[in-house]
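Chemist:
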Amino acid sequence: MAKNDLQGTLDLLVLKTLSQVGELHGYGIVLHIQRASDALLNVEEGSLYPALHRMEQSSWIKSEWALTETGRKAKYYRLTAAGQKQLAEAEKSFEQLVKGIRAMLRYA
Amino acid sequence: MPLFRRVLNLFSRSKVDREIDAELRSHIEMRMEDNIANGMSPEEARRDAMLRFGNPVVVRERAAGADVALGLESIWADVRYGLRQLRRSPGFTAVALITLALGIGANTAIFSLIDAALLKMLPVKDPQQLVELKSVDPSVGLNDQFSYPAFKEFRDRNQVLSGVLAFRKLHDIDFEVDGQGALANGQLVSGSYFSVLGVKTIFGRPILPEDETAAGQNPVAVIGYDYWRERFALDPAIVGKRVILNNSPFTIVGVTAPEFFGLQPGERIDVSVPLTMMAQVRPDFASSGSPYDVLKAPFRNWLYVMARLQPGVSNEHATANLQTIFAESMREAADGLAGLPYDSPAARRSLLGTTLRLELGGQGLAALRQQFSKPLWIIMAVVSLLLLVTCANVANLLLARANARQREIAIRLAVGAGRQRVIRQLITESILLAAGGGALGLLLAFWGSRSLLVLMLHSRSTMSLSVRPDSTVLGFTLLVSLLTALLFGMIPAWRAAQLNITPALTQNARNTDNTSGRSRLGKVLVVSQITISLVLMVGAGLLTRSLKNLKNFYPGFNKENVLLFSINPLMTGYKEAQLIPLYERLLEHIGAIPSVRSTSFSVHGPLSPNFRFTSIKVEGYVPRSGQELAPIGIEPVGPKYFGTAQTPVLRGRDFTAADREGASKVVIINETMARYYFGDANPIGRRLSMPGYRGDPGWLEIVAVVKDAKQHDLREQAKPTIYLPLFQIPESGVTFEIRTAMNPSNTAAAILNTVKTVDERLPVFYLKTLNDQVDDSLVQERLVALLSSMFGVLALLLACVGLYGLMAYTVNRRTNEIGIRMALGAKRAQIAGMVLRETLSLVFCGLAIGIPAAMGASRLIASELYGLKPGDPTTLLIACSVMTAVTFLASYLPARRAASVNPMQALRSE
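Below, the structure is given as structure tokens:
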């Protein structure tokens, strides 16, 4: 998959995770993606953060420092209304992409 | 607001970095904890965590990049794209820029004047600490001058001031260098003046406390930088130069720094001398050796006093402390009256009841502020309205353009640009336009404010005001530009937000439904332009007609063909006894000039800002109970004064040369005075006295009643006034009035020569015609009338451009419809009529709103009007007719174009 598409996919994964779990820190998002995809999807953990910050600047997500269950300070992310909308759009366009690719594969 | 946050983040990059670091660290540590819980050794756990994470430095940089740079980069792209768009339509850009430059420039120009005249602090050390001392006499009101003894008490006994200074302006000093005389603007200062203000000299030394020790002992002078440049060409050998000021020798000891002009904005001080030198520079005023000696008499108030408060001392505390000192000084003043003709229980009561007041002094004396504050704010209101018209105009232009750009914007939206992104782009373009207009406006303003200054101050050569581009003015311009961008930029942005992509892409732009929204909004804009223009035109009309009334109403004298000049012989060494012979010689010699019809003189001269009042007793007159006796104006005049001024003598006779010392004492009163004291009875032969006036001249017999004449300004109500024969009570300092057979300017040279032949060394001041004097007294009114007319016309022109644009656009859009109408048999005249009717309906709509608005607005300037009422119907009618006529012309071209539509072509192009 091309690099640009990968980024879009990562956004989609993060947004979906947050919409399912609610509030989560970066490490938790990584764990959730792994678990939910049956360990099929392994993101490079560091590359998550530029994406998180970019989405925050686009006002799709909001962040807040809070304590984890083990008493560690971590930055928690949460979906905004704009993020909800973005998620819906991203899901739709991903669906299109998958449909398109499938059609291509079948055609051969 | 993400953009704002990102720009802020630029300035706090290290904080952003720290926060990201903390976040990444917490991630790696959580992974390590889990790893250890899964049985790894700490070392293994750490390696695994780092491996999974990737390079933390790179991650941090990329995350920070997302936080900081993203917004700025796209702004720059917006700016470049905006510039390209504006370059692509140079006509639109030029018109918009010129319009904005006019609007913003006018506002900046007027504001820079307001700033310089009304808002700016003095160029001295810590001006905000300065206070001006004033006294309040309950019966007279505010007084801003103090006696020299009172000043010394303040200086020596206060516990609240870190310094106190006194000064007195000295207009028209005869400043003689190497035998060459010239007029200069001077002041007498206390020794503390320069040190308290913190004003430095660039050459030599300032005037010091030791220069203020004894009367007449310190003939030293400090000159201003500008005077040094003008008179001495920056000659560095200036210190130690001996000069003659009003016939008395002085030595120049220093030159003040260039930025210092004195303590009154608008006025430039050329030379300062110690106030103890009063008797040398103004012997006529000093009254040395008499009970009225300015340096000794505690009741002679002649010094302005300013002080610097000690740090931490409040205004109330300082006032209380100074009040106790002042009260003692007032008691001395009351005692000092003993044996003087001024003395009366009332006079003493008034002195003892006087209290002290401190006012902020950091802006200097208030004279200029008071004189120009109202007119400047009126003009500021006018230019603000003009700016609104400007905004409406540019908005209208942008609206037309937005329509043309609909397809472009629709395409951008269709290929995936966010609506917000497009709106931001459009706003960027508006801001670029406003910035360009603001920059041009700034240039226009500097040129304009200089010309305005000349208009404002032209009557007084000694006035000067520095209008420089400083941070306040630049800040104002920036604010106004942004505000305009916001006002007119909202419209295309709003349109883009409303845009429906599909029809915009598929339909012919000319036929889209959206255009009806455009013309509705356009109509609203044009109507509001017409409304505002009408308000401005009515205001300008009222002010202009008031000016005309002031000029044309009969002032009680004939202002044509009169030349004025002033002399003050005591200043150049004459003795009191020599005055009358000198005046007689002058009258005789000037009267002998062939073109001179008649000559006389008076102390104040017509429309002079100076005046004198006294209270009088009228023989046999008993005031009705409760009647307040108004103070009576006094004007000492020469023989044949009323004949020369052509003020009608209603009863009795003019003064003659025979009304002199020794002859029976006489007086002439004006109509208002006669009516006030005598009603319909004949006052001739009755007597009055003025016990408080100049050592009590005794009983004076009324020999004439003259018509009321304006004394100080043309607006004043007639006041009871008495005229004294100057030959009976001689004094120095008179203004000659010379009536000539034709243009008085032609006689000026002959008169100057004649004065020279009488006394070569007698300086002549203020040589000018009475007409010029009248004009000078109207400088404010003329300024306001001229500027409001100028801006009113400008607003009208802009409204016409707006109307023209709208109608041209409408005709263009309706070409098809017009073609069909014609094909169905409509006449060309009917088509043109249709367009004109639409124009007129807009104009009448604007007028219908504008007339009540103008009537309301004109009430705000009621005090500036003369001889007409705020809602003057004639002015309203004229303004409405002008508006209708001009706007009709503006729609003529579009109407003709509509009438010349070729129906075949119009239909074929469908």
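Line by line, the protein sequences are chains A and B.
First residue of the first sequence: 1266, per the numbering used here; consecutive thereafter.
First residue of the second sequence: 48, per the numbering used here; consecutive thereafter.
Backbone N, C-alpha and C fix where the C-beta goes; we use that ideal spot for every residue, glycine too.
Keep in mind that this is a model prediction, so the values were computed, not measured.
What would DSSP say about residue 608 of chain B, mapped onto helix, strand or coil?
Modeler: Three-state result, residue 608 of chain B: coil.
Chemist: I want to see whether chain B comes within less than 8 Å of residue 1284 of chain A, judged by CB atoms only; does it?
Modeler: No, residue 1284 of chain A lies away from the interface with chain B (no Cβ there is under 8 Å from its Cβ).
Chemist: Going by CA-CA distance only, name the one from B:246, B:322, B:683 that's closest to residue 783 of chain B.
Modeler: It is B:683 whose Cα lies nearest to the Cα of residue 783 of chain B.
Chemist: Please check the pair residue 752 of chain B and residue 716 of chain B, which I expect to be a contact at CB under 8 Å, by giving their CB distance rounded to whole angstroms.
Modeler: At roughly 6 Å, the Cβ-Cβ gap stays under 8 Å, so residue 752 of chain B and residue 716 of chain B are in contact.
Chemist: Please check if any C-beta of chain B sits within less than 8 Å of the C-beta of residue 1310 of chain A.
Modeler: Yes - at least one Cβ of chain B is within 8 Å of the one on residue 1310 of chain A.
Chemist: What residues in its chain sit with their C-beta under 7 Å from that of residue 868 of chain B, if we drop five residues either side in the sequence?
Modeler: Correct list, in chain order: 878.
Chemist: According to DSSP, residue 356 of chain B sits in a beta bridge with which residue or residues?
Modeler: Bridge partners of residue 356 of chain B: B:208.
Chemist: With distance defined between alpha-carbon atoms, name the residue in B:595, B:586, B:380, B:853 nearest to residue 920 of chain B.
Modeler: With distances taken between Cα atoms, residue 920 of chain B lies closest to B:586.
Chemist: Taking its Cβ as the centre, do 16 or more other Cβ atoms sit within 10 Å of residue 1368 of chain A, making it buried, or is it exposed?
Modeler: So residue 1368 of chain A counts as exposed.
Chemist: With a threshold of 7 Å on Cβ separation, who are the neighbours of residue 557 of chain B within its own chain once the five nearest residues in sequence on each side are excluded?
Modeler: Model confidence at residue 557 of chain B stands at a pLDDT of 48, short of 50, so the residue's coordinates are unreliable; what they give is reported in the following sentence. So the qualifying residues of the chain are 860.
Chemist: Taking any Cβ of chain A, which residues in the segment 62 to 94 of chain B have a Cβ under 9 Å from it, in chain order?
Modeler: Within the segment 62 to 94 of chain B, the qualifying residues are 66, 67, 69, 70, 71, 73, 74, 75, 76, 77, 78, 80, 81.
Chemist: Is there a Cβ from chain A that is less than 8 Å from the Cβ of residue 863 of chain B?
Modeler: Closer than 8 Å: no.
Chemist: Give me the subset of the segment 1273 to 1297 of chain A whose CB atoms are less than 9 Å from a CB atom of chain B, sorted by chain position.
Modeler: The segment 1273 to 1297 of chain A vs chain B, Cβ under 9 Å: 1290, 1291, 1292, 1293, 1295, 1296.
Chemist: Please check if any C-beta of chain B sits within less than 8 Å of the C-beta of residue 1364 of chain A.
Modeler: No, its Cβ sits nowhere closer than 8 Å to a Cβ of chain B.
Chemist: State the Cα-Cα distance for the pair residue 724 of chain B and residue 665 of chain B, rounded to the nearest angstrom.
Modeler: Going from the Cα of residue 724 of chain B to the Cα of residue 665 of chain B covers about 8 Å.
Chemist: Just by C-beta distance, which residues in the segment 461 to 495 of chain B are closer than 9 Å to chain A?
Modeler: Residues: none.
Chemist: For residue 406 of chain B, which residues from the same chain have a beta carbon less than 7 Å from its beta carbon, with the 5 sequence-adjacent residues on both sides left out?
Modeler: Cβ neighbours of residue 406 of chain B beyond the five flanking positions: 178, 179, 181.
Chemist: For chain A, is any of its Cβ atoms less than 8 Å away from the one on residue 451 of chain B?
Modeler: Judged by the 8 Å Cβ criterion, residue 451 of chain B is not in contact with chain A.
Chemist: Determine whether the Cβ of residue 569 of chain B lies closer than 8 Å to any Cβ atom of chain A.
Modeler: Output row for residue 569 of chain B: interface = no.
Chemist: Considering only residues of the segment 209 to 289 of chain B, which uninterrupted alpha helix (DSSP H) runs meet the minimum length of 4 residues and lie entirely inside it, listed in chain order?
Modeler: Those alpha helix (DSSP H) runs which fall completely within the segment 209 to 289 of chain B and span 4+ residues are 240 to 244, 272 to 279.
Chemist: Would you kindly work out how many angstroms separate the C-alpha atoms of residue 694 of chain B and residue 604 of chain B, rounded to a whole number?
Modeler: Their backbone Cα atoms lie some 5 Å apart in a straight line.
Chemist: Strictly below 9 Å CB to CB, what residues from chain A border residue 99 of chain B?
Modeler: Here the neighbours are 1295, 1307, 1309, 1310, 1311.
Chemist: I need the boundaries of the beta strand (DSSP E) containing residue 402 of chain B, first residue and last residue.
Modeler: 402 to 407 is the span of the beta strand (DSSP E), which, as asked, contains residue 402 of chain B.
Chemist: Whether or not the segment 649 to 662 of chain B and the segment 789 to 798 of chain B are in contact is what I'm after, with contact meaning three or more pairs of Cβ atoms, one per stretch, closer than 8 Å; do they touch?
Modeler: These segments do not touch.
Chemist: Pick out the complete beta strand (DSSP E) segments inside the segment 689 to 762 of chain B, 3 residues or longer, and give them in chain order.
Modeler: With a minimum length of 3 residues, the continuous beta strand (DSSP E) runs that stay inside the segment 689 to 762 of chain B are 696 to 699, 713 to 717, 734 to 736, 746 to 753.
Chemist: Along the beta strand (DSSP E) that carries residue 624 of chain B, what are the first and last residues, could you check?
Modeler: Run containing residue 624 of chain B: none; DSSP gives neither H nor E here.
Chemist: Starting from residue 920 of chain B, follow the alpha helix (DSSP H) in both directions and report where the run begins and ends.
Modeler: That run of the alpha helix (DSSP H) goes 920 to 937.
Chemist: Run through chain A and tell me which residues come within less than 7 Å of residue 109 of chain B, C-beta to C-beta.
Modeler: In chain order: 1315.
Chemist: Kindly say whether residue 106 of chain B, judged by its beta-carbon, lies nearer than 8 Å to any beta-carbon of chain A.
Modeler: By this cut-off, residue 106 of chain B is an interface position.
Chemist: For the beta strand (DSSP E) that residue 317 of chain B lies in, which residues bound it at each end?
Modeler: Per DSSP, residue 317 of chain B belongs to no beta strand (DSSP E) and is neither H nor E.
Chemist: Thinking just about the alpha-carbon of each residue, which of B:678, B:304, B:88 is nearest to the one in residue 316 of chain B?
Modeler: Checking every option, the nearest Cα to that of residue 316 of chain B belongs to B:304.
Chemist: Less than 8 Å separating the beta-carbons of residue 399 of chain B and residue 427 of chain B?
Modeler: Not closer than 8 Å, so no.
Chemist: Residues of chain A with a CB under 8 Å from the CB of residue 125 of chain B: which are they?
Modeler: Under the 8 Å cutoff, chain A gives no residues; its nearest Cβ is about 17 Å from residue 125 of chain B.
Chemist: What are the start and end residues of the alpha helix (DSSP H) that includes residue 523 of chain B?
Modeler: Here the alpha helix (DSSP H) through residue 523 of chain B covers 518 to 545.
Chemist: Taking 8 Å as the cut-off, does the segment 605 to 620 of chain B touch the segment 467 to 479 of chain B (at least 3 CB pairs, one atom from each stretch)?
Modeler: The segment 467 to 479 of chain B is not in contact with the segment 605 to 620 of chain B.
Chemist: With a threshold of 8 Å between beta carbons, is residue 113 of chain B in contact with chain A?
Modeler: Yes - at least one Cβ of chain A is within 8 Å of the one on residue 113 of chain B.
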